[in-house]
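In what follows, a structure is listed as structure tokens, so that the remarks can point back to it.
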Amino acid sequence: MAYADPENTLVIETTKGKVVIEMRPDVAPNHVEHIKKLAREGAYDGVVFHRVIDGFMAQTGDVKFGNSESSNFNPSRTGTGGSDYPNLKQEFNAEPHVRGTASMARSQSPDSANSQFFICFADAPFLNRQYTVWGKVIEGMENVDQIKRGEPVINPDKMVSVKVAADIAE
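Written out as structure tokens, the structure is:
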């Protein structure tokens with residue numbers, strides 16, 4: 000499929016189907032670059048959706064403990080790890096947290112986002128300007144809706160592969 004800006008389009012094959020996210024380097028340039036770097040390294044491949052709250056969001060991206068295909072996979076620690084890269088300085092912006100928004104997860108510190116992110120199932124205005132929005136689902140939201148719920152999720156769904164659209168051969 001042809002996307003308007005393949006370099007800033009993330010194609011995620013999940014166990015529920017394809018999800019396509021239009022990334023927003025105009026509002027979160029460092030976060031988008033970081034996500035593309037991790038995707039191009041294959042770091043997100045095999046990573047589970049470890050925290051999925053009905054009516055709220057599906058969280059994934061723990062490349063340290065959440066990769067179900069890695070020897071480091073630890074369901075009891077999934078959600079506590081990031082990547083080997085430093086945390087990112089926040090890029091809070093005016094983009095609202097609405098259904099389909101892709102935003103970075105973090106701890107109490109505003110500058111603690113690393114590799115984990117979440118996709119909103121519904122509008123979550125209480126997150127606005129407190130988490131870095133970096134994209135929006137443009138295709139496959141019905142697949143996000145099917146991701147297995149839980150905190151933690153038992154036998155979780157996962158991201159089978161995550162690629163930048165520009166890197167996918169037509």
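First residue of the sequence shown: 0, per numbering that gives the first Met the number 0; consecutive thereafter. Think of the CB as a built atom: it goes at the ideal place given N, C-alpha and C, for glycine as much as any other residue.
Backbone secondary structure at residue i - three-state DSSP
{"i": "Glu138", "result": "strand"}
{"i": "Lys17", "result": "strand"}
{"i": "Arg128", "result": "coil"}
{"i": "Ile167", "result": "coil"}
{"i": "Val152", "result": "coil"}
{"i": "Val171", "result": "Residue 171 lies beyond the stretch modelled for the chain, which goes from 0 to 169, so this question has no answer here."}
Start-to-end residues for the alpha helix (DSSP H) that takes in residue i
{"i": "Val10", "result": "Run containing Val10: none in the alpha helix (DSSP H); it sits in the beta strand (DSSP E), Thr8 to Thr13."}
{"i": "Val51", "result": "From DSSP, Val51 is part of no alpha helix (DSSP H) but of the beta strand (DSSP E) over Arg50 to Ile52."}
{"i": "Asn29", "result": "Pro28 to Arg39"}
Per DSSP, the bridge partner or partners of residue i
{"i": "Ala101", "result": "Ile118 and Gly134"}
Residues near residue i by beta carbon distance below 6 Å, same chain, minus five either side
{"i": "Ala6", "result": "It should be noted that the sequence gives Glu, not Ala, for residue 6. So the qualifying residues of the chain are Ala165."}
{"i": "Asn73", "result": "Phe64"}
{"i": "Lys35", "result": "Val163"}
{"i": "Gln145", "result": "Lys15"}
{"i": "Ile20", "result": "Leu9, Ala101, Gly134 and Val136"}
Candidates the options: closest to residue i by CA position
{"i": "Ile118", "options": "Arg128, Met103 and Asn127", "result": "Met103"}
{"i": "Met140", "options": "Arg98, Trp133 and Ala123", "result": "Arg98"}
{"i": "Ala3", "options": "Gly16, Ile11 and Arg23", "result": "Arg23"}
{"i": "Gly134", "options": "Gly16, Ala93 and Lys88", "result": "Ala93"}
{"i": "Asn142", "options": "Lys17, Phe116 and Ala1", "result": "Lys17"}
{"i": "Ser75", "options": "Ser160, Asp53 and Glu150", "result": "Glu150"}
{"i": "Val152", "options": "Asp144, Gln58 and Gly41", "result": "Gln58"}
{"i": "Ala101", "options": "Glu12, Leu87 and His30", "result": "His30"}
{"i": "Arg198", "options": "Ala27, Val136 and Arg50", "result": "Residue 198 lies beyond the range of the chain shown here (0 to 169); nothing can be said about it."}
Residues near residue i by beta carbon distance below 8 Å, same chain, minus five either side
{"i": "Phe55", "result": "Cys119, Phe120, Ala121 and Ala123"}
{"i": "Glu68", "result": "Asp44 and Gly45"}
Start-to-end residues for the beta strand (DSSP E) that takes in residue i
{"i": "Ala57", "result": "Met56 to Thr59"}
Residues near residue i in its chain [Cβ-Cβ closer than 7 Å; skip 5 each side]
{"i": "Leu37", "result": "Tyr43, Val62, Ser82 and Ser114"}
{"i": "Ile167", "result": "Val10"}
{"i": "Val161", "result": "Leu9, Ile11, Ala38, Tyr43 and Asp44"}
Min CB distance residue i to chain B below 9 Å
{"i": "Arg76", "result": "No chain B is present in this structure, which holds just one protein chain."}
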